[in-house]
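Counting from 38, one number per residue, gives the positions in the sequence shown under the numbering used here. Ideal placement from N, C-alpha and C gives every residue a C-beta, glycine not left out. Accompanying notes for the structure given below.
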Amino acid sequence: MSLGCKKVPFLNLPTPLEYLPGVSRDLGINLYLKRDDLTGYGMGGNKLRKLEYFLFDAQQQGATMLLTVGGTQSNHGRLTAAVAAKYGLKCAIVAIDEYPGEVSSNILLDRIMGAEVILKEDDHQRSEMVQSHETAMAVKERYEAQGEKVYYIPMGGSNELGILGYYDCAQELTVQAAEMGISDSRVITAVGSMGTYMGLFCGLRDIQSPLSLTGVLIMPYEESVRAFAKDYFDRVKEGYGLEFDAEKSDFHIDEDYFYKGYNNSVPQVREAIYQMARKEAIILDPCYTGKAFNAICQMVRDRKIQQGETIIFIHTGGQPGINTPHHRIEFERELSDGIKIL
38 MSLGCKKVPF
48 LNLPTPLEYL
58 PGVSRDLGIN
68 LYLKRDDLTG
78 YGMGGNKLRK
88 LEYFLFDAQQ
98 QGATMLLTVG
108 GTQSNHGRLT
118 AAVAAKYGLK
128 CAIVAIDEYP
138 GEVSSNILLD
148 RIMGAEVILK
158 EDDHQRSEMV
168 QSHETAMAVK
178 ERYEAQGEKV
188 YYIPMGGSNE
198 LGILGYYDCA
208 QELTVQAAEM
218 GISDSRVITA
228 VGSMGTYMGL
238 FCGLRDIQSP
248 LSLTGVLIMP
258 YEESVRAFAK
268 DYFDRVKEGY
278 GLEFDAEKSD
288 FHIDEDYFYK
298 GYNNSVPQVR
308 EAIYQMARKE
318 AIILDPCYTG
328 KAFNAICQMV
338 RDRKIQQGET
348 IIFIHTGGQP
358 GINTPHHRIE
368 FERELSDGIK
378 IL
């Protein structure tokens, strides 16, 4: 089933759906991992599914450059840079943040792939969203004055077009789950700018998939996250003529485990990262997947996930984030005792 939009199909799909025996034993559940960290370019991640659609639209408009916004260490920015490099486009990434003091993690990868990174310090007078948009438009104007045709992609690729990558994934995942005999599973994904969650929500609903969906909020929202979801859904419904409706109560998004910040350093999240790495040899990141996996562990403890329940966790990538300076310092502090110098 399709919503009629075209894309540049550069991904090797479907991504694997793997059973995790060690972590499943630890938690008393049946945990599967949808490996969207293995999507390819630029070290992979969920944003590439969205960028297939953005790239087609940019090419149709004759763009010579991709411009996007995000955090200093934005995974979406990194993958936008990757797609731009692969398809011969220039790229710029705008962030409202301080320079972290070094070129590392995603910023390093952005620059390796040739993207310009523009950092503007927060003026603390207007919202970061307003400052981000204003700065991006100024950058767009500068490049257009140089003769570039700039295509702007919003934060996280989270708009009506951006949901299509995970609308597709919902259908892909439904087929995989049926083939593996786990159609009664609950899908769990991190919720940041919400494009991945909304794509899954719409895709699962549109084909009446037996899979259920829970989002794990990884950052605070200025307004009610369900009000935001409802507004986002209404725009998607109107844009594509969806034949079903949704109310705020239909968006199952758990808000209990984001620890009062975005991309903040959290000991429990690092412990969850260690558990996944030491039992399954899979690396999570401290901003999105580590926080979401920690939430799964806590939801088992809090009986929001029942013993024996089958869970499909979406691995959205982001592993370069372990090298972000404020996270790396904490990893070094906790892990240095295992380094022996002879």
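I'd like to know if residue i contacts chain C, where contact means its C-beta is closer than 8 Å to some C-beta of that chain.
| i | result |
| --- | --- |
| Ile-200 | The structure shown contains no chain C, having only a single protein chain. |
In chain order, what residues of the same chain have a beta carbon less than 6 Å from the beta carbon of residue i, not counting five sequence neighbours either side?
| i | result |
| --- | --- |
| Ala-283 | Phe-270 |
| Ala-266 | Phe-288 |
| Leu-237 | Tyr-203, Ala-207 and Leu-250 |
| Asp-224 | The sequence shown places Val at residue 224, rather than the Asp named in the question. So the qualifying residues of the chain are Leu-248, Leu-250 and Ile-349. |
| Asn-300 | Cys-324 |
| Ile-319 | Met-313 |
| Lys-230 | Sequence check: residue 230 is Ser here, not Lys. Cβ within range, chain order: Met-192, Gly-193 and Ser-195. |
| Leu-379 | none |
| Asn-67 | Ser-61 and Thr-347 |
| Ala-329 | Ala-227 and Val-253 |
When the distance is taken between beta carbons, is residue j closer than 8 Å to residue i?
| i | j | result |
| --- | --- | --- |
| Cys-322 | Gly-345 | It should be pointed out that residue 322 corresponds to Asp in this sequence rather than to Cys. No, they are not a contact pair. |
| Cys-42 | Leu-198 | yes |
| Thr-172 | Val-228 | no |
| Met-352 | Arg-72 | The sequence shown places His at residue 352, not Met. Yes. |
| Leu-85 | Leu-126 | no |
| Thr-101 | Glu-165 | no |
| Tyr-294 | Gln-335 | yes |
| Gly-194 | Phe-91 | yes |
| Ser-142 | Asn-360 | yes |
| Met-256 | Val-60 | no |
| Leu-40 | Tyr-277 | yes |
Run through the DSSP bridge pairs and tell me what residue i is partnered with.
| i | result |
| --- | --- |
| Phe-350 | Leu-70 and Ile-225 |
| Tyr-188 | Leu-103 |
| Ile-333 | Partner(s): none; Ile-333 has no beta bridge. |
| Thr-251 | Ile-225 |
| Ile-290 | Gly-252 |
So residue i and residue j are supposed to be a Cβ contact under 8 Å. How far apart are they, rounded?
| i | j | result |
| --- | --- | --- |
| Gly-355 | Tyr-325 | 5 Å |
| Leu-104 | Tyr-188 | 7 Å |
| Arg-307 | Glu-367 | 6 Å |
| Ser-169 | Val-262 | Ser-169 to Val-262, Cβ: 19 Å. No contact. |
| Asp-134 | Gly-108 | 6 Å |
| Met-217 | Leu-54 | 7 Å |
| Gly-252 | Asp-221 | Going by Cβ atoms, the distance from Gly-252 to Asp-221 rounds to 19 Å, so no, they are not a contact pair. |
| Ala-129 | Val-176 | 6 Å |
| Gly-13 | Lys-87 | Look at the range of the chain in this structure, 38 to 379, and you will see that residue 13 is not part of it. |
| Ile-23 | Gly-327 | Beyond the ends of the chain as shown, which are 38 and 379, falls residue 23; an answer cannot be given. |
| Val-273 | Ile-200 | 6 Å |
| Cys-239 | Leu-210 | The Cβ separation is near 13 Å, so there is no contact. |
| Ile-219 | Thr-347 | 5 Å |
| Leu-64 | Val-337 | 5 Å |
| Tyr-136 | Leu-156 | 5 Å |
Residues in the same chain with beta-carbon distance under 8 Å from residue i, minus the five sequence neighbours each way, listed in chain order, please.
| i | result |
| --- | --- |
| Lys-123 | Phe-47 and Tyr-78 |
Within its chain, find whatever has a CB closer than 7 Å to the CB of residue i; leave out the 5 residues flanking it on each side and keep chain order.
| i | result |
| --- | --- |
| Tyr-56 | Tyr-69 |
| Glu-89 | Lys-44, Val-45, Pro-46, Phe-47, Leu-48 and Gly-202 |
| Met-150 | Gly-79, Ala-118, Ala-119 and Ala-122 |
| Glu-139 | Pro-362 |
| Phe-93 | Lys-43, Lys-44 and Val-45 |
| Asp-160 | Gln-168 |
Practice task
Give, in chain order, every unbroken run of the alpha helix (DSSP H) that is at least 4 residues long and sits entirely within the stretch 112–181.
Solution key: Entirely contained in the stretch 112–181, the alpha helix (DSSP H) runs reaching 4 residues are, in chain order, 112–123 and 142–149.
Handout entry: Residue ranges of each alpha helix (DSSP H) within the stretch 256–286, 4 or longer
Key = Within the stretch 256–286, the complete alpha helix (DSSP H) runs of at least 4 residues are 262–277.
Exercise for the section: Ignoring anything shorter than 3 residues or poking outside the stretch 52–97, list the beta strand (DSSP E) runs there in chain order. Expected result: Segments of the beta strand (DSSP E) lying fully in the stretch 52–97: 54–56 and 67–72.
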